[in-house]
Amino acid sequence: MRYKLYREQQLTCDMDTAWAFFSSPMNLSEITPKDMGFVVTSDCDQQEIFEGMIIDYLVSPILRFPLKWKTKITQVEKNKSFTDFQLK
Numbered sequence: 008m009r010y011k012l013y014r015e016q017q018l019t020c021d022m023d024t025a026w027a028f029f030s031s032p033m034n035l036s037e038i039t040p041k042d043m044g045f046v047v048t049s050d051c052d053q054q055e056i057f058e059g060m061i062i063d064y065l066v067s068p069i070l071r072f073p074l075k076w077k078t079k080i081t082q083v084e085k086n087k088s089f090t091d092f093q094l095k
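Heads up, the sequence shown is in the numbering used here, so the first residue is 8 and it goes up one at a time.
So, in structure tokens, the structure goes:
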């Protein structure tokens, strides 16, 4: 079964600042609830997302049991949006 998740947020900054923050995989842990135990395990420091990028994570949503997640960035529209697909 496939699911589509859509989220929208209103920000009080310019588009370039917002894109610089959200397009960095390392900032994902900043916007994920702390109780999820979310950690980016890929070596992607200082990289902006790009189509085809694979990002690995550890997440502990249930009883602190760590699970491995892997996503692939499938579409990027710079300064507008990006789409990721959960591989694992």
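Beta carbons: idealized from backbone N, C-alpha and C, even for Gly.
* Kindly list the residues whose CB is nearer than 6 Å to the CB of Lys-114, restricted to its own chain and excluding five residues on each side of it in sequence; keep chain order. => As displayed, the chain neither begins before 8 nor continues past 95, which places residue 114 out of reach and without an answer.
(message) Taking the alpha carbon of Asp-42 as the reference point, which residue from Leu-70, Phe-57, Leu-12, Phe-28 has its own alpha carbon closest?
(response) Nearest of Leu-70, Phe-57, Leu-12, Phe-28 to Asp-42, Cα basis: Leu-70.
Q.
I believe Val-66 touches Phe-45 by the beta-carbon criterion, under 8 Å. Please report the beta-carbon distance rounded to the nearest angstrom.
A. That belief holds up - the Cβ atoms of Val-66 and Phe-45 are roughly 5 Å apart, short of 8 Å.
Phe-28 beta carbon less than 9 Å from that of Ile-56 | In this structure, Phe-28 does not lie closer than 9 Å to Ile-56 by Cβ.
- List the DSSP bridge partners of Asp-63. DSSP output for Asp-63 lists Lys-77 as bridge partner(s).
Checklist entry - How is the alpha helix (DSSP H) around Thr-24 delimited, first residue to last? => result 22-29 is the span of the alpha helix (DSSP H), which, as asked, contains Thr-24.
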